[in-house]
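Down below is the structure, laid out as structure tokens.
There are 4 protein chains.
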Amino acid sequence: MNHTEAMSSHTGVLFRVSTFGESHGPAIGVIVDGCPPRLPLDESDIQPDLDRRRPGQSRLVTQRDEADRCRILSGVWKGYTTGAPIAIVVENADHRSGAYDHLVDVYRPSHADFTYDAKYGIRSIAGGGRSSARETIARVAAGAIARKLLRTVAGIEVIGWVSAVGGIDAASAIDTATVAMADVEAHPTRCPDPAFAERFAAEIDAARRAGDSVGGIVTCVARGVPAGLGEPAFDRLDADLAKAVMSLPATKAIEIGSGFAAAAMRGSEHNDPFEPGPDGRPRTTTNRSGGVQGGISNGADVVLRAAFKPTATINHEQATVTRDGSPTTLAATGRHDPCVVPRAVPLVESAMLLTLADHYLRHRAIDVLGPVDVD
Amino acid sequence: MNHTEAMSSHTGVLFRVSTFGESHGPAIGVIVDGCPPRLPLDESDIQPDLDRRRPGQSRLVTQRDEADRCRILSGVWKGYTTGAPIAIVVENADHRSGAYDHLVDVYRPSHADFTYDAKYGIRSIAGGGRSSARETIARVAAGAIARKLLRTVAGIEVIGWVSAVGGIDAASAIDTATVAMADVEAHPTRCPDPAFAERFAAEIDAARRAGDSVGGIVTCVARGVPAGLGEPAFDRLDADLAKAVMSLPATKAIEIGSGFAAAAMRGSEHNDPFEPGPDGRPRTTTNRSGGVQGGISNGADVVLRAAFKPTATINHEQATVTRDGSPTTLAATGRHDPCVVPRAVPLVESAMLLTLADHYLRHRAIDVLGPVDVD
Amino acid sequence: MNHTEAMSSHTGVLFRVSTFGESHGPAIGVIVDGCPPRLPLDESDIQPDLDRRRPGQSRLVTQRDEADRCRILSGVWKGYTTGAPIAIVVENADHRSGAYDHLVDVYRPSHADFTYDAKYGIRSIAGGGRSSARETIARVAAGAIARKLLRTVAGIEVIGWVSAVGGIDAASAIDTATVAMADVEAHPTRCPDPAFAERFAAEIDAARRAGDSVGGIVTCVARGVPAGLGEPAFDRLDADLAKAVMSLPATKAIEIGSGFAAAAMRGSEHNDPFEPGPDGRPRTTTNRSGGVQGGISNGADVVLRAAFKPTATINHEQATVTRDGSPTTLAATGRHDPCVVPRAVPLVESAMLLTLADHYLRHRAIDVLGPVDVD
Amino acid sequence: MNHTEAMSSHTGVLFRVSTFGESHGPAIGVIVDGCPPRLPLDESDIQPDLDRRRPGQSRLVTQRDEADRCRILSGVWKGYTTGAPIAIVVENADHRSGAYDHLVDVYRPSHADFTYDAKYGIRSIAGGGRSSARETIARVAAGAIARKLLRTVAGIEVIGWVSAVGGIDAASAIDTATVAMADVEAHPTRCPDPAFAERFAAEIDAARRAGDSVGGIVTCVARGVPAGLGEPAFDRLDADLAKAVMSLPATKAIEIGSGFAAAAMRGSEHNDPFEPGPDGRPRTTTNRSGGVQGGISNGADVVLRAAFKPTATINHEQATVTRDGSPTTLAATGRHDPCVVPRAVPLVESAMLLTLADHYLRHRAIDVLGPVDVD
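Protein chains in written order, with our numbering: chain P, -5 to 369; chain W, -5 to 369; chain Y, -5 to 369; chain H, -5 to 369.
This is the structure:
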């Protein structure tokens, strides 16, 4: 065996996801346990999201080619889920560890090299960004199953896009309520506004030419979420969304609804008034809550924004230390991905999808008794 | 029985916290299960943090007086923890539900009234902000135990403060690395910079006089965290911190380290170079990572910022709907808390403390084998 | 604080139970989190099971008088559950620790004194049997809520009885399918067969007169369990029942259905043939499976038997060692409970009830899609 | 995709195991998450236990040949665990579903066919016993990792054997304290007593010739378990062992230590006296407790016995019903395994190993503070 970075683990109470695999091992994979039976599902439901995650063909994203074909190993029979755990594996076509041999004794700045070593006491070559990016295959595959489930049982749709790159913010040009996936996928930057998309492309290209990288923001919205999903205390819907998104590589911040802007507002500006909706149920006339109030969905679009730092791998010389504590210099590298934010869009979607699928099932479990009239 | 809002639940893998209680029931409480035995502990370790959370004496925070005396019911013997679950109860001195009778049929904007009703199908009077504020007693009590544990086993200290109120941001005036709790507690706004503290007080007072409320930001830092706490995938330390903080009432956003600013930066600006530290181990010369890299602590201060929305209860007339779907107007109320942010400081601390205590114990569990030399 | 033994913790995925409290602390309690809202509930649903658990008035069981009045602190409003955690507390009327001072330095044989000390490194006076018996108040209270839920949503009834004491086994005289709780409660031994009840009473009395104790067997049945509860692998219904029952104090064995007798049988004797049931669904003509096949309920009665060892506290002199490792003799004690088995009946019921309630809700969560026709 | 039975899921708090795979799908697999880093490990640590589980060469067990070669996909680097999830996959060489087509519409008695259908609403061919036997590959592979860990960190050894087949019980001829694995593996029945081994073989052969099957008992012992593993309430060591063992296919009962015999004993017979051990720590002079007191290990051998029912697949005609509820007859089948008990030995060992590994790590996590002197 010759693989390396630690990329673990488990999330979800009822829609449970366990991932495994390192970029330099033979395969990446995931088990989805708790998916309801009788859901139509095959590889064609999963591959499109994997393809969206995959490093692309344009100069804006990394140039490596990875097939990333998924294979369902269990839990599906004649096109339907059986209730058994669904295992999905994606083989690593090219897992030479030799490519990182020169890094064995040097901690790359702002990668996970040092922290993994501090935690596990065993040097894992090639930790940090690139490896992490590959681990997300497992999450995206699981998220695709959640997408199919949520669409089928509740008509919920989740869509994300790039709303800022570097200092350029396109938020004012994008109507969160109406963005369609076709708008997003129309441009390699995944910005649905064509003018900003071009500006983002130029910014990314400038960073690439400078041997540098650049950060950005992904906005993601869930439409059709019924009121009532979430919990009032620790497992608030917004808290679980925050955890899911902040567990993605390179995230540094998350906002729900008004986010940091709320800190500067008065209550009279921030409160969302209610009005009767077309179905007679209350709806808010504004959505500063971002679809969540008191930790529970209110039927409005759930809206979040996530900040991604610039890729840590850059083509600059950097000061660092060796594994035995001596100061040294990390040489400029060759190939690098100047901006992960376009590829992060399906990751943020998968974080939302997994969280919503789990809370959807959790809510089902307690909604077992008829109405009561208490006053 | 005549109490009300739902405030539940459970967090933590090894340092496990379960809370219960409604503001209009007889008591609020918490069970802390998994606290190591042989930790010196009594009520005097817990009461000070509860007192910090309690609505204060100044005009800046709400005027109600609550004694909030904690009582340990189990898990402590002759001044030491026994390894058994530690139950703590705080009685509600004044739990009249009548005070909210006029709200039974009206959904208050941006409270949890509607979403609780949508989830549970039973009208819980007095949901939302104030009730939630009271539920946090349980978390602060648990956090105080985590504080004692972390201090005792690892010398970790967690301290938070108010860094912004309304549009006024004091971040530039405050040195995160050196703020002491005495600086914070010196002013009722909990801003350690005296000049900004006065400006915050004026802003809060202005909101109060306008019958309005105002949001703000809490910054919180953990010092002395050893490298190696956290997990690489779903249970990243930053992800679990994000969840813990975003599960506090009225939070809308969280940043770790550079936060949203990272999105506008280049990699060459954002990367934290390593240098040999005084103990020979690597340390970063800057801390844009906020003490976490790849989901695992790197030994630097863990730094986060959380945004709180303005209190939803305001003394203005507001449009809303009744429980049966008719449009109506919510009358201006009397007493309200114009700014919860100063009181939120111990809540954010408790969120950090509980998360760190759990990850500290989790790391202990896997660190059982001697060093190996692999290259 | 002056209380002692460790009695912890947490069980359940959706119907979640956390207990706390020591026999010599101020109170025993439990939080039930995840109980569906809108269930009619008050203390009168809980007290009867607590009274059944309580040491009785007859000479067959221990003579202490404990009121054990339960008090609901949260989660119930105007007679209905709200979906919030339900906290229940029972005060310890008489919690003098002095009664055990002479035991501080001696490990009582077959109590938990030594193992608690080995685990927690802090001497907990009065560990083991009696303390454990008192901890079960919390489980019985939680079980009473599960009983109300299962009865309301599914018509499930759980009933247990004493089927053996000492070497006397009444199984052949009792029809598992028809025993009613009135039959069980008609005699202090909780044996529904009057003749065997008298023999059990005589056996217990003989042990008491000899300053000794005696073990026995509890049989417990759940009627009305729908087919489909359970999981196929680790969380099999029979496995979770085994864990729940084996976590009760003094249990040494458990059987489901045929139990150990199965080991001596041929498949042609043991298999349960199917026939069409009155509702057209398959049912088994025999029930050697004990209502569970492949880890999942099959609609037949779920039947289990649990063995309880004789109480460790006896009125005999016994060889043991002191805390510092010296051999010594434990003097004969005075008062003791010669047979816990009659009081264990509500404990075994609560173990079944909690397990079934959790699996009932878990099954609800996955049963969200319509039928499919696959062949 | 054309595979079938549901075989799921997840166990463990810190040493976490998730399995997947159906006997008629492409592969069976497992993720072990939470294994400490720096443990020497490769496939050669795992394959021997898989080979022991595999249907054998003798006439006593099923005749199919399965290579069952394991492949580690992640979590191991240069012969050491990295702390990342360890994924292991075993391919199914021959997964024709056609072999079961005639069973699609018939529920086999005492298999899981009907209950899976009741739970999942989708007919899974070939459920029940045989399929389940194949799922246990995943558990045995995980158990082999636990075995290596426990041996390395604590010198714990777990060994099981067949102690009864049909009505023949060899317990009196076997000294639990001294059985060695070589004794067990010396005979295809896995009975360490040669005379009883021959009698078991004759009994199994007789059942086979009669087209029938026969049950039996596995005894399993863990030696070297330190005092202090377990929890006092729900997660008692004996309760978790009971769950783990009862989650194996075909188990109907479990005993710890004295087991059902305890029910017939007096306390004066059953109590285990303490004496000073050779290391100065207390040890029991007898072991009716089976190494667990109050839910926590006491340093003595942990001893359990598990009853397995006779295989449900027999070569007899049986009454049953079709999927649409009509009575029918299940024809006699050809090949079948007359007794699974010898092959169940490594399964019971893996159940013990996984439980002990989890509790070992859990205990490490709370044992973080120095000794205190409280009286």
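Glycine included, every Cβ here is placed at the ideal spot set by N, Cα and C.
Nearest-angstrom Cα separation, counted from residue j out to residue i
i                 : j                 : result
Gly149 of chain P : Ala301 of chain W : 32 Å
Ile198 of chain W : Asp295 of chain P : 31 Å
Ala345 of chain W : Asp352 of chain P : 23 Å
Gln312 of chain Y : Met240 of chain H : 35 Å
Leu242 of chain Y : Ile139 of chain P : 40 Å
Pro272 of chain W : Leu8 of chain W   : 32 Å
Val83 of chain Y  : His18 of chain H  : 52 Å
Ala233 of chain P : Asp62 of chain H  : 43 Å
Asp45 of chain W  : Ala174 of chain W : 18 Å
Pro340 of chain W : Glu85 of chain W  : 20 Å
Ala227 of chain W : Ala238 of chain H : 27 Å
His4 of chain H   : Arg10 of chain H  : 7 Å
Val134 of chain W : Cys185 of chain H : 58 Å
Minimum C-alpha distance to residue i - residue among the options
i                 : options                                   : result
Val335 of chain Y : Y:Tyr354, Y:Asp367, Y:Gly288 and Y:Ala191 : Y:Ala191
Leu324 of chain W : W:Pro332, W:Asp331 and W:Thr307           : W:Thr307
Arg32 of chain P  : P:Gly69, P:Gly222 and P:Ile40             : P:Gly69
Leu223 of chain Y : Y:Gly73, Y:Arg358, Y:Asp266 and Y:Gly253  : Y:Arg358
Asn281 of chain H : H:His310, H:His105, H:Val215 and H:Lys237 : H:Val215
Ile406 of chain Y : H:Gln41, H:Gly15, H:Glu85 and H:Ala112    : Examination of residue 406 of chain Y is not possible in this model, given that chain Y is present from -5 through 369 alone.
Glu151 of chain P : P:Thr172, P:Val100, P:Gly161 and P:Val212 : P:Thr172
Gly77 of chain Y  : P:Val366, P:Ile360 and P:Asp367           : P:Ile360
Within chain W, partners of residue i - CB distance below 8 Å
i                : result
Gly77 of chain H : Ile360
Local conformation of residue i per DSSP, three classes
i                 : result
Phe302 of chain P : strand
Arg401 of chain P : Only positions -5 to 369 of chain P appear in this structure, which leaves residue 401 of chain P out of reach.
Tyr74 of chain Y  : strand
Ala255 of chain W : helix
Glu311 of chain W : coil
Glu263 of chain H : helix
Phe9 of chain H   : coil
Ile168 of chain Y : coil
Asp374 of chain H : The structure shown does not extend to residue 374 of chain H, since chain H spans only -5 to 369, so no value can be given for it.
Ile80 of chain Y  : strand
His4 of chain H   : strand
Val212 of chain W : strand
Ala359 of chain H : helix
Thr279 of chain H : coil
Partners in chain Y for residue i, counting only beta-carbon separations shorter than 8 Å
i               : result
His4 of chain W : His4, Arg10, Ser12 and Asp27
Chain H residues whose Cβ lies nearer than 7 Å to that of residue i
i                : result
Lys72 of chain W : Val368
Neighbour list for residue i in chain P, Cβ cutoff strictly below 7 Å
i                 : result
Phe147 of chain Y : The sequence given here has Val at residue 147 of chain Y, not Phe. Chain P residues near Val147 of chain Y: Val362 and Leu363.
Integer-rounded CB distance, given that residue j should sit under 8 Å from residue i
i                 : j                 : result
Val248 of chain Y : Ala236 of chain Y : The residue you asked about is not Val; residue 248 of chain Y is Ile in the sequence shown. So it is a contact: roughly 5 Å between Cβ atoms.
Pro332 of chain Y : Ser252 of chain Y : 31 Å between Cβ atoms; not a contact.
Phe108 of chain W : Gln41 of chain P  : With 8 Å as the limit, Phe108 of chain W and Gln41 of chain P do not qualify as a contact, their Cβ atoms being about 40 Å apart.
Within chain Y, the residues that residue i reaches when beta carbons sit closer than 9 Å
i                : result
Leu67 of chain P : Within chain Y, no residue comes near Leu67 of chain P; the closest Cβ sits about 16 Å away, beyond 9 Å.
Within chain P, partners of residue i - CB distance below 8 Å
i                : result
Ala81 of chain H : Phe14, Gly15, Ala21 and Gly23
>> Please identify, using Cβ separations under 7 Å, the residues of the stretch 195 to 222 of chain W that lie next to chain B, in order along the chain.
In response: Absent from the structure is chain B; the protein chains it does hold are P, W, Y and H.
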